[in-house]
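Working notes for the structure below.
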Amino acid sequence: MAEQESSDSGWRFDVRRLSKRGGDMIAVAGLVVLGVYGWIEAGNFVEETGMVRTLSPAFFPRTLLAGLVIFALLLLINGLVRKAASEGQIFQQYWYKIPVATVIMFAQAYLFERIGAFPAIWLALLLLLVLAGVRPLKSLLIATGFLAFVYLFFIVFLGVRLPTEFLLKF
Amino acid sequence: MKRTSKLVGALAGVTAIAALAVGSAQADQPFELVIKAGPGSGVSQLAHKAAELLPKYLDSDVGVLYKKGGSGAVAQAYIQNRDANGYHPFVDTTTTAIVLAGGKTPFTEEDWVGVVRMQVDPQGIAVLSDSPWQNFGDLVDHIRKNPGTIRWTGAHSVGMDPFTVSKLLESANLTQDDIKYVPSRKATEMKTNLLGGHVDVATLNPGEARDQVEAGKFRMLGIAHTERIATFPDWQTFKEQGFDVEAAIWRGVLVKKGTPQEMIDKLHEAFLKLRADPEFAEFMKQQLALDGYLGGPEKFDAYFKDQVKTLRVHFAPKPGQG
Amino acid sequence: MFENWLLGVAHLGDWQVILAMVFGVALGIVVGAMPGLSGPTGLALMIPFTYGLSPIASVILLISIYVGAEYGGSITAITVNTPGTPSGAITAIDGYPLTQQGQTGRALSMSILSSTSGGIFSAIALILFSVPLAQFAIAFGPVQYFALGVFGLTIVASLVSGNWLKGIIAVLIGLLIQTVGTDPMTGAFRYTFGQPALWEGVSFISAMLGLFAISEVFRILEVGVRSRLEASHNFSSERMPFREFISYWKCLLRSGVLGTFIGVIPGAGAAVGSIVAYNEAKRFSRHPEKFGKGTLEGVCASETANNATVGGALVPLLTLGVPGSGSTAVLLGALLLHNIQPGPLMFEDQPDIVFGIFTALLLANVVMLVLGVYGVRFWLLVVRISPAILAPLIFSVAFIGAYSTGGNIADVAVMLVIGLLGYLLRKFGFPLVPVVIGLVLADMVEISLRRALIISDSGFWIFLTDPISATLIGLAAASLAYSIIQDVRGRRRTTA
């Protein structure tokens, strides 16, 4: 991850040491990379004008991207000039829960149409509750209760269609 | 004590899931009307009305399934990845013909079989009622004398509206360079811009123009239909004005190729009964949609495939245009 | 006009609509009261589940949530000094000291009564001004809409956060997200990376849920469970007599007018309304020294103004189809999903919807009054659900919502990616509201720009030769210049 660049204390890597100014620098770097990449990619747009004679499809995105890079560089200058305003840390105590939660969330998306909506929701919800610090038994009850809520409220009452073909496509 | 309660909880959870899973697996196979558009669209209203009334004609549950994405590619893939048993009818519109003709999806018109056409919505053009043009001929004369000044709006730059506009120009021996074509996103935008005088001509269906025509703000210069429509008998068709153009949006039902003929007939039969249902007739009236029934499934199937082929020729890059 | 009222009122005979209103206000109060959750989050979470409802019921449900949320923030602000909304923070300045002095009941009565008055005042202003404004809005064509878009985005960027640089970058990010998909003018694919799921661009629902709900889930997880509210006070339930409330009429009227006008300005939402009204109340007060130590005047100013911004913010939304705040941006997206296009034509073609909204706005405030007066204890109980439980549940509901809008798992993936993006933006100090407004206005801005150039005979000059457009662009430039000057001045002061 890019966070490493800004940790000025050598080998010990801790996201929580990232200062606000360091964060701005990372943001600037990310925005500039995005701007350059987007500009190049816009060169590949295939123009199918149909009946229209107007600006090319790349014009608007490229204008935005140019603006993005310019303002990102201004942010960089701003950060260099005003040091006092950018003290303080960005990430807090439980930052490591974010990547774990992300994995659980994408896992639910992956499994949703494969093992069915109910098992996928139940599993992900249980894991997220435990991750958030809820006691396992309580988590189990909440996750199971939520399934009943999904069935009664979403499926029966609102008529939402969810994949309920249980374990059929695994 | 604590351990037992944990165990009970776990057991309860597993039982609940198993019960739900078994319950849903044992249900009768319901019909799923698959649509590619979002709620609120014309086709979604049709599908919901059908889902509400069809169960008594099909003796089974009918639901609506949204499969948005990829201009219908997601919905097409969803149905094509399932058995050709007719339980996933594709309630769809002209745009699928356009998408198939454009060749951007991995499917062609041969992957589908037409079942029934339910609604047809002819294309038309409207101008402000205080404009000097009384019919399409007047507009053509104006364009011929002042090429490149008329601002003519239609939905998008590829699709049924630009197709209609270019056919109309063609029929009058004009080209696209003789007007300024202004793409809009939807009818509301076209109407607002026409009312405000920001464009001169708008491509509108009867249902879209109705309110302003009745309020005396718009005049319909022509409709691209075979005959005049019953609700507005004084609207001339382009044909009777000497411009041979017919173009209409349709809404109908398709199934995957290979669906057994008896299933196609069963669906066709059910939609025919739906067409006769008074509640459905009321719905058609509200939507100001015209009955689009063409005859048996084979009639619609032929119409659909023919339309895709016509559009494909129209969209193909012409030599010299790059 | 009279028959239009009848059409609007006729909708309220439907039990679905009444239920939607009561449920919406209740949900809004809860969402507003919960620290972290705010109006836009509640709105975004509910949109997918309005599909089964009629368009009018959906609109009324969402507007009721919006109304309830602006009041809800004050409950936790007054009782536990943990405001649920940004404008609640202003209410807390005087509301919490009142609780410490044992006057919780009076503060809460003041809050609900002034919220209701502010809401009804601005609803009446909306009804009076939007109909004539809608007539005027017909004059807006592509040229003027482009200028209006630029104006709105610039104001949002410079007003919402203290940092105009980050505000502008946030707007640009929002606009760029919407360039993904099929180019609305030429049909060319842009940034679709060969994925059919991206052909129609980023689904609006996925974007809203990602930015508001998912990023919030991440934030709660990161902070940990300790932020649970500890409401240990024994509240005095003494209510304020109505006669006493009426004696605050000057404050009510002033804050109502200020809130309504500030609501109309894009980017200046409920929080700005509260701050301005609070400062003005202090300036005009006979006892300015009491402000900050617990005066009912402070609560009155802040709460009247933040609810008054609701009616104000609906003026540009309904007449021009242009949102000026996070909540109205989400509301616009919801209206479009139900095929309701706000703008001048809505007043002609769908008067029942317009007048349904008017009637609902008035009634929702009454419903709020009832729920607020009799339900405070209940709301406080609900609000005490631990965030650790709440966050995973929000995720699950958002997941089902994103999936059910299109039956497409790719929409869920997009929601998660945008959620991560939103979380990182928040962490790096970029405001989210400009992102959302950029996202919602992107199509309008790009299409009107290109459409204006098709129509124009003088290229880009048309934006400066048209009077409406030139005025709007001038105002945009001025607001930007003002932010830059403030910034440079502030810098001199810190270095000196």
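Residue numbers (my numbering), protein chains in the order written: chain A, 24 to 193; chain B, 37 to 358; chain C, 9 to 504.
Backbone N, C-alpha and C fix where the C-beta goes; we use that ideal spot for every residue, glycine too.
As the structure is a computational prediction, the values presented were derived from the model and not from experiment.
**Asked** Is Arg294/C helix, strand or coil when you go by DSSP?
**Response** Reduced to three states, the DSSP call for Arg294/C is coil.
**Request:** Name the residue from Leu35/C, Ala65/C, Ile365/C, Leu156/C whose alpha carbon lies nearest to the alpha carbon of Leu51/C.
**Result:** Nearest C-alpha to Leu51/C: Leu35/C.
**Request:** Please list the partners that Leu101/B has in chain A, where partner means a Cβ-to-Cβ separation under 7 Å.
**Result:** Neighbours of Leu101/B in chain A, taken as residues at a C-beta separation under 7 Å, are given in chain order as Arg184.
**Item:** For Ser333/C, three-class secondary structure by DSSP
**Value:** Annotated three-state conformation of Ser333/C is coil, per DSSP.
**Prompt:** For Ile73/C versus Ala368/C, is the C-beta distance shorter than 8 Å?
**Reply:** Taking 8 Å as the Cβ cut-off, Ile73/C and Ala368/C do not qualify as a contacting pair.
**Message:** What ranges does the alpha helix (DSSP H) occupy inside the region 114-163 of chain B, keeping only unbroken runs of at least 4 residues that lie completely in it?
**Reply:** Runs of the alpha helix (DSSP H) inside the region 114-163 of chain B: 130-138.
**Prompt:** Whose C-beta lies closer than 6 Å to the C-beta of Ala278/C among residues of the same chain, with five residues either side of it excluded?
**Reply:** If you ignore the 5 residues before and after Ala278/C, its C-beta comes within less than 6 Å of the C-beta of Glu78, Ser95, Asn314, Thr317, all in its own chain and listed in chain order.
**Request:** Please report how far the alpha carbon of Phe407/C lies from the alpha carbon of Ser214/C, in whole angstroms.
**Result:** Here the alpha carbons of Ser214/C and Phe407/C stand approximately 9 Å from one another.
**Request:** Using the Cα positions of Met226/B and Gly243/B, report the straight-line distance between them to the nearest angstrom.
**Result:** In a straight line, the C-alpha of Met226/B is about 14 Å away from that of Gly243/B.
**Message:** At 3 residues or longer, what runs of the beta strand (DSSP E) sit wholly inside the region 77-101 of chain C?
**Reply:** Listed in chain order, nothing qualifies, since the region 77-101 of chain C has no complete beta strand (DSSP E) run of 3 or more residues.
**Asked** What's the call for Ala147/C, buried or exposed, on a 16-neighbour Cβ count within 10 Å?
**Response** Exposed, because fewer than 16 other Cβ atoms sit within 10 Å of the Cβ of Ala147/C.
**chain C within 8 Å of Thr349/B, Cβ atoms only** = First, the residue type needs correcting, since residue 349/B is Val and not Thr in the sequence shown. No - not a single Cβ of chain C is within 8 Å of the one on Val349/B.
**Item:** Rounded C-alpha distance that separates Arg85/A from Gly446/C
**Value:** Here the alpha carbons of Gly446/C and Arg85/A stand approximately 16 Å from one another.
**Asked** Who pairs with Tyr217/B in a beta bridge, going by DSSP?
**Response** Residue pairing by DSSP puts Tyr217/B in a beta bridge opposite Trp188/B.
**Item:** Inter-residue Cα distance where the pair is Phe292/C and Ala115/C
**Value:** Approximately 20 Å between the Cα atoms of the pair.
**Asked** With 8 Å set as the bound, which would you pick, yes or no: does the beta-carbon of Thr125/A sit closer than that to a beta-carbon of chain C?
**Response** Interface residue, yes.
**Request:** Determine the DSSP secondary structure at Trp286/B, reduced to helix, strand or coil.
**Result:** Judged by DSSP in its simplified three-state form, Trp286/B adopts strand.
**Request:** Identify every run of the alpha helix (DSSP H) within the region 201-273 of chain B, keeping only runs that are complete inside it and at least 4 residues long; order them along the chain.
**Result:** Whole alpha helix (DSSP H) segments, 4+ residues: 223-231, 242-250.
**Item:** Residue from Thr93/C, Lys435/C, Leu183/C whose Cα sits closest to the Cα of Gly160/C
**Value:** For the residues Thr93/C, Lys435/C, Leu183/C, the minimum Cα distance to Gly160/C belongs to Leu183/C.
**Asked** Of all the residues that make up the region 43-73 of chain C, which are near chain B by a beta-carbon distance shorter than 8 Å?
**Response** Here the close residues are Tyr59, Pro63.
**Between the CA atoms of Gly47/C and Ser335/C - distance to the nearest angstrom** = Ser335/C and Gly47/C have their alpha carbons spaced roughly 6 Å apart.
**Asked** So is Thr187/C in contact with chain A if we call contact Cβ pairs under 8 Å?
**Response** By this cut-off, Thr187/C is an interface position.
**Asked** What three-state label does DSSP hand Gln12/A in the structure shown?
**Response** Residue 12/A lies beyond the residue range present for chain A, which begins at 24 and ends at 193; the question has no answer from this structure.
**Message:** Once DSSP output is grouped into helix, strand and coil, what is the label at Tyr431/C?
**Reply:** Tyr431/C: helix per DSSP, three-state reduction.
**Asked** Nearest CA to the CA of Ile177/C: which residue from Ser464/C, Arg458/C, Leu472/C, Val441/C?
**Response** The residue with the shortest Cα to Cα distance from Ile177/C is Val441/C.
**Nearest residue (CA-CA) to Gly46/A, options Gly437/C, Ala41/C, Asp419/C** = Measuring C-alpha to C-alpha distances from Gly46/A to each of Gly437/C, Ala41/C, Asp419/C identifies Gly437/C as the nearest.
**Prompt:** Among all the DSSP beta bridges, which residues are the ones paired with Arg198/C?
**Reply:** DSSP lists Gly189/C as partners of Arg198/C.
**Request:** Throw me the rounded Cβ distance for the Ser82/C and Gly110/C pair, which I believe falls under 8 Å.
**Result:** Actually they do not touch by this definition, with Cβ atoms about 18 Å apart.
**Message:** Is the separation between the beta-carbon of Ile86/C and that of Ala97/C shorter than 8 Å?
**Reply:** Contact flag unset, no.
**Asked** Relative to the alpha-carbon of Tyr217/B, which residue among Val237/B, Leu231/B, Asn209/B has its alpha-carbon at the smallest distance?
**Response** Ranked by Cα distance from Tyr217/B, the first of Val237/B, Leu231/B, Asn209/B is Val237/B.
**Request:** Output the boundary residues of the beta strand (DSSP E) element that contains Val70/B.
**Result:** 67-71 is the span of the beta strand (DSSP E), which, as asked, contains Val70/B.
**Message:** Counting only C-beta atoms, is Val173/A closer than 8 Å to chain C at any point?
**Reply:** Interface with chain C (8 Å Cβ-Cβ cutoff): Val173/A is included.
**Prompt:** Are any of the Cβ atoms in chain C nearer than 8 Å to that of Gln131/A?
**Reply:** Yes, its Cβ sits closer than 8 Å to a Cβ of chain C.
**Request:** Can you pull the chain C residues whose beta carbon is under 9 Å from the beta carbon of Lys85/B, in chain order?
**Result:** Listed by position along chain C, the residues whose Cβ is nearer than 9 Å to that of Lys85/B form an empty set, because the closest Cβ is around 13 Å away.
**Message:** I'd like to check one pair, Ala223/B with Pro158/B: are the Cβ atoms closer than 8 Å?
**Reply:** Ala223/B is positioned such that its CB atom lies no closer than 8 Å to that of Pro158/B.
**Request:** Consider the Cβ of Glu78/C: report whether some Cβ of chain F lies at a distance smaller than 8 Å.
**Result:** Here chain F cannot be found, since the structure's protein chains are A, B and C.
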